[in-house]
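Colleague: So that we are looking at the same thing, I have put the structure below in C-alpha cells.
The following block contains the structure:
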C-alpha cells in the first residue's frame, strides 16, 4: 500500500506584557487580556499557583488576585484554592509538587479551555508549565515571572520542565504560554542574589548576539548592581525581545542540537547539582560563561582583551567566578557534566563559544585537558566581585 506522508504547521502567538502593579483593580491589563476569552456556552476557569517565597513578601497577594478577578474578570471562575509551592529548584526536585498540581487540575475541573496561571521564579514557572502541558494534553498557561531571570529569560520562552534522578530538566515539554506578564514592582521583593542572578542571562545573550547591548551593560554595570530600576527595566525588555526573536527565527522546539541560548550552561547545570543548588542558576551561569570564555581564549579563539572585559563586567555586577566543586574529584564530575549535556542535546555535542564579543560560534568537541586548565585559571585568579 502507498505510504501516507503527513505534514502540517501550527502557528503560535503570545505577547509579553510589561506593567506595574498588575493586580491593582485600576490596572486594566489582565482585564483586557481576558476579554479575548468571552465565548458563550461554557465556563472558563483559572487555577493559580504561587511561589511560596514570593508570597511571603506579598502577604496580600492572594486577596488581591481574588479581588481583581471578582471586579474585573467575572467571566473567568477562579479555582477555590490558590495553591502555594516552594520556590527554587526544590519544587522541581520533589515529584510530590508535580502530583499536587495535577491533582488540583483534576479536583477543580480545570479543562483545556481553562487557564493555569503560574506566579513565581523560573523554577516554579518550569514546574507549573510542565503540569499544565501534560494535563489534558495541554491547558492554557499564563506566566507571571517574579524574578529578573524569569522576566528576561526563562519566563518568556517555550520550555517547561522538572528534574529527575539528579539530572536537571530531564522531564519537560515545549509548550508556549498564551501570555507573559512582567511586573517591574515584583522585583523589589528580591534579595540581592536574585536581583543579580538574572543579569547573567543578560550578559549571555549580549555576548552571543549583540555587541552594542554588551557595551550598554558595561556602561551600566554599577547602576545595575545598585538596583537601579530604570536600567533594569531596559535590560529586561531588551533581553525578552532578543529571546523571543530567537525563538521565532530559529528552532523553537530544538529539533536540532544547536542551542545558542545555552551558552555557559553545560557547566552551570552540573555545578548546580554538585552544590546541591546552593549555587543558584544565575550564579552558576556566570561561572559557566567565565569558564567557556577562558576556554575560548586558551584555544586561540577569543582575544585576551575581550576575555578581560567579560570578566570585568561579571565581577562588577557582583558575581564570584570560581567554585571549588569545579575541581572536585580531579575535575571528573565536571567532565561528566559535559557528557550529560551531550545526552540532553540528543547525542551530538554542540557548544557555543565566543569568537568575539557579540559573535558566538558552535563547536562539537571540548578538550578535557583545556577545560581543566580553564578551571585552574579561574581558581588561580580568585577574582573578587567589585
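In the numbering used here, the protein residues as written are 1 to 386. All C-beta atoms, glycine included, are put in the ideal place defined by N, C-alpha and C.
(1) According to DSSP, simplified to helix, strand and coil, what is residue 84?
(2) How about residue 378 and residue 293: do their beta carbons lie closer than 8 Å?
(3) Can you list, in chain order, the residues of its chain whose CB lies under 6 Å from that of residue 268, leaving out five sequence neighbours each side?
(4) How should residue 9 be labelled, buried or exposed, when 16 other C-beta atoms within 10 angstroms of its C-beta is the threshold for buried?
(5) Give me the Cα-Cα distance between residue 271 and residue 342, rounded to the nearest whole angstrom.
(6) With 16 as the cutoff for other CB atoms within 10 Å, does residue 304 come out buried or exposed?
(7) Whose CA, out of 113, 231, 207 and 51, lies closest to the CA of residue 45?
(8) Return the chain-ordered list of same chain residues with a C-beta closer than 7 Å to the C-beta of residue 273, the five sequence neighbours on each side being excluded.
(9) Mind the definition here: the region 92-103 touches the region 16-36 only if three or more C-beta pairs lie below 8 Å; say whether that holds.
(10) Residue 129 lies in the alpha helix (DSSP H); which residues open and close that run?
(11) Buried or exposed: where does residue 80 fall if 16 or more other Cβ atoms within 10 Å of its Cβ makes it buried?
(12) Unbroken beta strand (DSSP E) runs of length 3 or more, entirely within the region 24-78: which are they?
(13) For residue 66 and residue 78, what's the separation of their Cα atoms in angstroms?
(14) Using 8 Å as the Cβ pair cut-off and three pairs as the minimum, do the region 103-118 and the region 126-143 touch?
(15) Output the boundary residues of the alpha helix (DSSP H) element that contains residue 362.
(16) Going by C-alpha to C-alpha distance, which of 210, 200, 262 and 146 sits closest to residue 318?
(17) Alpha carbon to alpha carbon, how far is residue 282 from residue 27?
(18) Does any C-beta atom of chain B lie closer than 8 Å to the C-beta of residue 192?
(19) Do residue 243 and residue 205 have their CB atoms nearer than 8 Å?
(20) Is residue 116 helix, strand or coil when you go by DSSP?
(21) Taking the alpha carbon of residue 84 as the reference point, which residue from 125, 109 and 72 has its own alpha carbon closest?
(22) With a CB to CB cut of under 6 Å and the five nearest residues on each side skipped, what residues in its chain are close to residue 53?
(23) In or out: residue 163 buried (at least 16 other Cβ within 10 Å) or exposed?
(24) Measure from the alpha carbon of residue 47 to the alpha carbon of each residue in 60, 110, 5 and 63, then state which is nearest.
(25) Quick one: residues in its chain with C-beta nearer than 6 Å to the C-beta of residue 140, no 5 flanking neighbours on either side, listed in chain order?
(26) Which residues in the same chain have their Cβ closer than 7 Å to the Cβ of residue 260, if we skip the five residues on either side of it in sequence?
(27) Report all residues from its chain with a CB closer than 7 Å to the CB of residue 213; omit the five preceding and five following residues, and keep chain order.
(28) Can you give, in chain order, each stretch of the alpha helix (DSSP H) that sits fully within the region 183-269 and has at least 4 residues?
(29) Can you pull the DSSP bridge partners for residue 173?
(30) Pull up the distance between the alpha-carbon of residue 308 and that of residue 262, whole angstroms please.
Modeller: In short:
(1) In the displayed model, residue 84 falls within a strand according to three-state DSSP.
(2) no
(3) 284, 285 and 288
(4) exposed
(5) 16 Å
(6) exposed
(7) 113
(8) 166 and 168
(9) no
(10) Segment 122-134, the alpha helix (DSSP H) holding residue 129.
(11) The residue in question, residue 80, is exposed, as its Cβ has fewer than 16 Cβ neighbours within 10 Å.
(12) As far as the region 24-78 is concerned, its whole beta strand (DSSP E) runs of at least 3 residues are 44-51 and 76-78.
(13) 8 Å
(14) yes
(15) It is not in any alpha helix (DSSP H) - residue 362 instead sits in the beta strand (DSSP E) that spans 359-363.
(16) 200
(17) 31 Å
(18) In the structure shown, chain B does not exist; there is a single protein chain.
(19) Cβ atoms of residue 243 and residue 205: closer than 8 Å.
(20) strand
(21) 125
(22) 87
(23) It counts as buried.
(24) Measuring from the Cα of residue 47, the nearest candidate turns out to be 110.
(25) 115 and 178
(26) Take residue 260, set aside five residues on each side of it, and the residues of its chain with a beta-carbon closer than 7 Å to its own are 208, 352 and 360, in chain order.
(27) 206 and 238
(28) 192-197, 199-209, 211-225 and 229-249
(29) DSSP output for residue 173 lists 160 as bridge partner(s).
(30) 22 Å
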